[in-house]
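The structure appears below as structure tokens.
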């Protein structure tokens, strides 16, 4: 009896370590995988649920006001948003990662960002996407699958357009 | 047997007592009154950098978080309310220990059980070993059971000490 | 050139290690002494071979060969030579190589000893040592090659050991340099001590396994490995203490121990190692509980490997841990194999090893030691659980949690208090039997003296009674130990008619081991004093000061005099150095210089506090731009 417990305990420990290791080595949610569903509460109070936007392209951008590398792409993202806005089938969502509201709002003000942004409460959204840092952007196609994973800032507005255009019909 | 269990009861109570007391002792000693911000910040961890308490972290982001604590304190928020706010914003991992709910009880339960289990096993072990000693030396143990007269005079005490010294020096 | 030599030697060492394993097993199976001796020969050679690799790496570091990716990662032109040398263990690949080198050192040293008496253990000692070495060498050769170099071809920059087709070498002008936190004299000694401590336990482990495999039930393995184990334990203890002091010097929060997962990984084997050192005593005197010693040393070694795994695999995150690495899965495989084989061996021999345990009274030295072993184990299990819990919790609930100091302090405090109590009683308890009366007689005088431990603090104004109890315990342990030696000296003086001086010298000489133990226990007690001091009496305050303003924390006053900002070109850093004058009760103590260094090569800043430590107290001042915190 004691033996079964001891062996069982040892094996359980190894299994836990194995799964933990696997999880820690998993990268971000990858291209081709289904995008995790989530709910974002924007700073202005609206609620956005990804599952509701099946049929649209969704651009999920993780950023933070303390993140220096996020700044180069900030204006380009806003410009891309304005470019696709008349079409109505491209949604831009900014997820504010581990940040403070006053500074976040100041950042949005500075770069004149008008698309919806909200805090990643309890870091649930970033955990779901398994991000490793900021900025990271996930472009989700009309079928709810990840079409493009951008680690680090986009290089330019054209870069963003070249990623999204193929997903539109 | 009774003596053994008494000793064990004593040991366990002592451990439990010390556990309870140390907790309160620590809680009393750590927050100076003119550093309320740090008092709260020291109970939180930096949400971004790993394993650095919020009061010790020097990054700009941590500055912002301490700023939030300052604000909330000024608004009259209690320590617990501020901690809850941080958890709602950043998740459970900003707390220095897991919130005591649900699955997290295991973090305390398992070591407690292990310690108690260890003490119990030890107690049982001592009983078993005692029995083995008694059984293997019937005559000597019965003599011991009669309680040998205490060596009350100086000479016998010296001999005891000498014997002790001799046995030690043979190491 | 150097990289080729280094890697070549590394590879050859692996071949020798594998040969050694095969030869030993073959020799054992076919009872061929020649093969076994050949295996031993190979084991002797691994250390010189690997020294060539280390020398090559050091050469690359000192000559600023930044084509080698590792050198570019951990070194830079502006670092002083001593730091470049320590950069050998500044990153994952190099530190693994350093580990292997130390492992090889121990292996070769063990192989060199006279094996006439214990020939039957030799093949298995070789096998265990060389399998472990082979594993770490494999990590360096196939997963974390420290000799990878930068090349450039049409597609961009590549890293590889051999020159890829059509690629040319590139020579970066400078490297990023060591993480600024590591640019400290502590880097010279703390990692080597720590690694020596970890790696040293392979020796007693291999002897234990050899003993198990050969089916022996005696304790010969303990006799021959005892010296090695003491050295490993000593290094591990030194590593822990040095790490604590380094942390205090460098981290801005006056911390010396953060219960960080990596720190805990070093603590756990120390706990079981210490338990082993005590359990072995029982086993020597009373021939009981042999299997405990075996179990404890095996657990110690397994904890060493486990600790290295969680530190390096990226499973846990910590300020100390290395960056993400691919070695995780293969390391886990190695651990799984080691654990399973060891457990299976223990299982098959357990019944044979069991001896009759007879213990009449708990209040004997062996009884108290057993209790102390249980306490050490209990603490280890708790720390183990605390380190693993965040991983378990995330798997079970998806939520990440932190298990931090409050958890550990709550458990460690009482357990260490219990161990302190035992340190009082144990030296007095005689082997086999002690009566309460006898114990009482031995204790009453030290007890009276120990009350000074309460009287003094109370007179000094202390009322917090957990601290009073702690001080009393410390005083008690000191008093008991001192009285014990006083008693022995006095007895000797009487029986041998010697002078006090001669008697004392003779007592010390004949009881070297207990003298040594007493020194260690007194040392532990002094550390306990320090810990109590910090945990209960540390005060801290914080404020924002303009130049000329003061912050007071009774009885200290700190005045911000000025800030000097300058570039230190010799070490390529920008320094913002504050001058803080410290006064105590109006008397000027001196100046402290907390500073912020910004290293141009790595682009990272580091803030270093100004520290002043004396035997009675210390001041630590840490500054951040526009923020300051001090502790007394």
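Protein chains in written order, with the numbering used here: chain A, 2 to 170; chain B, 11 to 181; chain C, 942 to 1573.
Built from N, CA and C at the ideal position, the CB exists for glycine as well.
query, result
"Can we count residue 1425 of chain C as close to the ligand FAD, meaning its CB is less than 7 angstroms from some heavy atom?", "The ligand FAD is absent from the structure shown, which contains no ligand whatsoever."
"Whose C-beta lies closer than 8 angstroms to the C-beta of residue 1320 of chain C among residues of the same chain, with five residues either side of it excluded?", "1212, 1352, 1353, 1356, 1357"
"Pick from C/1087, C/943, C/1048, C/1534: whose alpha carbon is nearest that of residue 983 of chain C?", "C/1048"
"Going by DSSP, name the residue or residues bridged to residue 1525 of chain C.", "C/1497, C/1528"
"Quick one: list the residues of chain A neighbouring residue 1210 of chain C, beta-carbon separation under 8 angstroms, in chain order.", "In chain order: nothing, as chain A lies at least about 16 angstroms away."
"With the cut-off set at 8 angstroms, would you say residue 112 of chain A and residue 138 of chain A are in Cβ contact?", "no"
"Using only alpha-carbon positions, find the residue among C/1397, C/1525, C/1129, C/1428 that is nearest to residue 1448 of chain C.", "C/1428"
"Could you check how far apart the C-beta atoms of residue 1044 of chain C and residue 966 of chain C are, in whole angstroms? I think they sit under 8 angstroms.", "With 8 angstroms as the limit, residue 1044 of chain C and residue 966 of chain C do not qualify as a contact, their Cβ atoms being about 20 angstroms apart."
"Mapping the DSSP letters down to three states, classify residue 975 of chain C as helix, strand or coil.", "helix"
"Under three-state DSSP, which class holds residue 152 of chain B?", "Its pLDDT being 46, under 50, residue 152 of chain B is placed unreliably by the model, and the measurement read from it follows with that caveat. DSSP places residue 152 of chain B in helix when its eight states are reduced to three."
"Going by C-alpha distance, which of B/106, B/110, B/125 is nearest residue 1199 of chain C?", "B/106"
"Nearest CA to the CA of residue 1281 of chain C: which residue from A/15, A/6, A/2, A/3?", "A/15"
"Rounding to the nearest angstrom, what Cα-Cα distance links residue 133 of chain B and residue 127 of chain B in this structure?", "10 angstroms"
"Using beta carbons (cut-off 8 angstroms, strictly below), is residue 48 of chain A in contact with chain B?", "no"
"Would you tell me roughly how many angstroms separate the C-alpha atoms of residue 1091 of chain C and residue 1100 of chain C, rounded to the nearest one?", "5 angstroms"
"Taking residue 169 of chain A as the query, report the chain C residues whose CB atoms sit under 8 angstroms from its CB, ordered along the chain.", "Those within 8 angstroms of residue 169 of chain A in chain C number zero; the least Cβ separation is about 31 angstroms."
"Between the alpha carbons of residue 63 of chain B and residue 1551 of chain C, how many angstroms are there, rounded?", "20 angstroms"
"Going by DSSP, what residues sit across from residue 1518 of chain C in a beta bridge?", "C/1505, C/1536"
"Is the distance from the Cβ of residue 1516 of chain C to the Cβ of residue 1509 of chain C below 8 angstroms?", "yes"
"Below 8 angstroms, can you find three or more Cβ-Cβ pairs linking the region 1287–1296 of chain C to the region 1140–1158 of chain C?", "yes"
"Please determine, among C/1026, C/1113, C/1060, the residue with the shortest C-alpha to C-alpha distance to residue 1124 of chain C.", "C/1026"
"Where do the N-terminal and C-terminal ends of the alpha helix (DSSP H) with residue 1310 of chain C fall, by residue?", "1306–1338"
"Please report the distance separating the alpha-carbon of residue 1226 of chain C from that of residue 1236 of chain C.", "18 angstroms"
"Going by C-alpha distance, which of A/76, A/8, A/119 is nearest residue 41 of chain A?", "A/119"
"I want to verify the contact list: residues of chain B whose CB lies under 7 angstroms from the CB of residue 99 of chain A, in sequence order.", "57, 58, 100"
"Counting only the same chain and skipping the five closest in sequence on each side, list residues whose C-beta sits under 8 angstroms from that of residue 1578 of chain C.", "As shown, chain C starts at 942 and ends at 1573. That puts residue 1578 of chain C outside it, with no answer to give."
"Counting only runs that start and end within the region 87–125 of chain A, where is the alpha helix (DSSP H) found for 4 or more residues in a row?", "102–111"
"Going along the chain, which residues of the region 1134–1160 of chain C sit with their C-beta nearer than 7 angstroms to a C-beta in chain A?", "none"
"Given a threshold of 16 other Cβ atoms within 10 Å of its Cβ, counted over all protein chains shown, does residue 159 of chain A qualify as buried or as exposed?", "exposed"
"Would you mind telling me which residues of chain C sit closer than 8 angstroms to residue 59 of chain A, beta carbon to beta carbon, in chain order?", "By Cβ distance, chain C contributes nothing, its closest Cβ being about 23 angstroms from residue 59 of chain A, past 8 angstroms."
"According to a CB-to-CB cut-off of less than 8 angstroms, which residues of the region 1285–1319 of chain C neighbour chain A?", "1288"
"Helix, strand or coil, according to DSSP, for residue 48 of chain B in the structure here?", "helix"
"Identify the continuous alpha helix (DSSP H) that holds residue 1131 of chain C and give its terminal residues.", "1127–1141"
"Report yes or no: do three or more beta-carbon pairs, one from the region 33–47 of chain A and one from the region 74–83 of chain A, lie closer than 8 angstroms?", "no"
"Quick one: any contact between the region 14–29 of chain A and the region 1267–1287 of chain C, if contact means 3 or more CB pairs under 8 angstroms?", "yes"
"In this structure, does DSSP put residue 67 of chain A in helix, strand or coil?", "coil"
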